[in-house]
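Residue 52 in full-length UniProt numbering sits at position 52 of the sequence shown; the count goes up by one each step and never skips. Idealized CB from N, CA, C, for every residue including glycine. Treat the numbers as computed from the prediction; the structure is a model and nothing was measured.
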Amino acid sequence: MSNKKNYRITIEEVESQSTIAQTMQFEFQDREDLFKIVKNLEKGSKLDAIQATRVGVALRLLGPVMMMNRKHPLFADFMPHFKTFMQALKNTVKQSLIDK
């Protein structure tokens with residue numbers, strides 16, 4: 001049995017200049033509980049619900065791709081900064097949740 005969680009992301013263009021709004025959809029697996037991550041970000045980062053959702057989803061989409069491709073020229077220079085950012089974010093959220 002897999003510990004991975006399955007998610008589906010759907011993005012819909014809300015206001016379109018054309019008669020047909022664009023839509024994209026994809027599925028992915030993650031070992032993390034995306035809903036828990038967003039909830040903890042909302043509680044522990046002082047971001048509002050919409051910002052916490054956007055940051056949480058963005059990080060869980062970008063992070064694993066970067067890890068799998070860390071030597072790729074697109075990510076090689078950014079990887080150390082991303083790691084530092086993630087450690088600071090996790091520490092901030094964790095400490096904030098402990099202090100509450």
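DSSP places N6 in the strand class (E or B) of the three-state scheme. Take the alpha-carbon of G63 and the one of Q17: they are about 33 Å apart. Contact between M66 and F75 is confirmed by a C-beta separation of about 5 Å, below the 8 Å threshold.
Here the region 47-60 does not lie against the region 11-27, with fewer than 3 beta-carbon pairs under 8 Å apart. Secondary-structure assignment with DSSP links I11 through a beta bridge to M24. If the five residues before and after V93 are omitted, its C-beta is found closer than 7 Å to the C-beta atoms of N40, L41, G44 and S45, all from its own chain and listed in chain order. Annotation for F78: no alpha helix (DSSP H) segment contains it, and DSSP assigns it neither H nor E.
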